[in-house]
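Chains as they are written, first to last, in numbering that gives the first Met the number 0: chain D, 0 to 227; chain S, 0 to 102.
To start, the structure under review is shown below, and the notes come after it.
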Amino acid sequence: MLSKKQIFTKGILAVAPHMFSVIPFGIVCGAIGIELGFSPILVYAMSIIIFGGASQIVFLQLLSGGASAFIAITSVGVINSRHLLYGAVLSEYLEKLSFIKKLLISYIVVDQGFAESNKFFQKNKTEPYLHYHLIGTGVTLWIFWQLSTLSGIILGSFVPEEIGLKFAVPLTFIAIVVQDLKKLDHVIVMITCGLSSLLFFDAPFKSYIIISPIIALFVAALVLRLKK
Amino acid sequence: MTWTSIIIAGIITYFTRMTMVALVDRDLLGEKIKAVLAYVPSAVFPAIIFPGIFINDYGTFIEMNDPKIFGAIVAILVGYFSRNVIATILSGLFSYWIIIFLI
């Protein structure tokens, strides 16, 4: 049995490599907000209140482009609706927590943290303090997101655009799913999602980000049926 | 106005995170749904990966000889065999940089 501290530390270490994408993305996110003419306090407050990379950028771009508040808010909701899927997966492992703890831990569920903690959960189902892994990944992501958006706000986009660090974002998610390429059923689901995302990329409210997972999960259900 | 919008967006975002964890009883989900949920990472992350590689900043498709495709292939191969997250990300970035800066 692992102690709380050991599991927490494992969470930090599991998510640490993803800082290669989180930090440059956070800097860009902070810098764009200032470039678009929003006040520094407002841009930074989003990192605490919304705490969701892509949705923060889209929100500010839409508002500065003259879109209504309704469209900006709806887009944030649509982009972040994928968290519903993460929550549905995580609920199995967080079931025993008190309601208050569930409310608190939910705030720090982010893509990379969900991905790494979910991998740990699948391999260590019997550990009593599982959720400390999610706290480890979530708190690490939260702190680095705050620091990197803040430095983007203060220093501007000091990482030159030419080096293309934005490319680290798809790479970080490749690192997350690459081992599942060993399984044909997962490969089918991944390709379905990827192709759908390109097909629906221009759908309103950036909804490709939730349309493609839904299509891919339907395909997953079909695959499961065929496997039987 | 902008502040109000941010707060509403923040509350909605928080609900996307919290609803399934705290409000929905897991027993309400049938066995079939639980089995499908095992595919969530594979069903979600390619929607971030594919556009990140194949669509450029202006929302159009890249050329088939774009260095990002090469970088992604290298990252997939290194990741598949090394099982190492840092190696995956750095191999992709470095192979991408080698093409855009040296060739």
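Where is the CB? At the ideal position from N, CA and C, for every residue including glycine.
Item                                                                                                                    : Value
Sequence-distant residues of its chain with Cβ nearer than 7 Å to D/C28 (five each side left out)                       : G52, Q55, I56, T148 and G151
Neighbour flag for D/V132 against chain S, beta carbons, 7 Å                                                            : Before going further, note that residue 132 of chain D is His rather than Val in the sequence given. Taking Cβ atoms only, chain S never reaches closer than 7 Å to D/H132, which makes this a no.
Minimum C-alpha distance to D/K4 - residue among D/E126, D/I26 and D/I210                                               : D/E126
Of the residues S/L36, S/K31, S/A46 and S/L28, the one placed nearest D/S196, counting alpha carbons only               : S/A46
Sheet register partners of S/I54 (DSSP bridge)                                                                          : S/F60
Reference D/F199; option with closest CA among D/S211, D/I190 and D/T139                                                : D/S211
Where the alpha helix (DSSP H) through D/F7 begins and ends                                                             : K3 to V14
Residue-level contact to chain S via CB, D/C293, 7 Å cutoff                                                             : Since the first residue shown for chain D is 0 and the last is 227, residue 293 of chain D is missing from the structure and cannot be characterised.
Exposure of D/I142, with buried meaning 16 or more beta-carbon neighbours within 10 Å                                   : exposed
Contact list for the region 132-157 of chain D against chain S, Cβ threshold 9 Å                                        : none
Range of the contiguous alpha helix (DSSP H) that encloses S/N23                                                        : Checking the displayed sequence, the identity of residue 23 of chain S turns out to be Val instead of Asn. Note, S/V23: premise wrong, no alpha helix (DSSP H); not H, not E.
Interface residues of chain S facing D/T171 [CB-CB closer than 7 Å]                                                     : I88
Residues of its chain near D/I214, where Cβ-Cβ distance is below 8 Å and the 5 sequence neighbours each way are ignored : T191, C192 and S195
For S/W2 and D/L102, the rounded distance between their alpha carbons                                                   : 23 Å
Whole-number beta carbon distance between D/S46 and D/Q145, since they are thought to touch under 8 Å                   : 6 Å
Simplified DSSP assignment, three categories, for D/G112                                                                : helix
Own chain partners of D/T139 with C-beta closer than 6 Å, once the 5 adjacent residues on each side are dropped         : I11 and V14
Entirely enclosed beta strand (DSSP E) segments - the region 82-133 of chain D, minimum 3 residues                      : none
Between the CA atoms of S/I102 and D/K122 - distance to the nearest angstrom                                            : 43 Å
Contact list for the region 1-22 of chain S against chain D, Cβ threshold 8 Å                                           : T1, W2, T3, S4, I5, I6, I7, A8, G9, I11, T12, Y13, T15, R16, M17, T18, M19, V20 and A21
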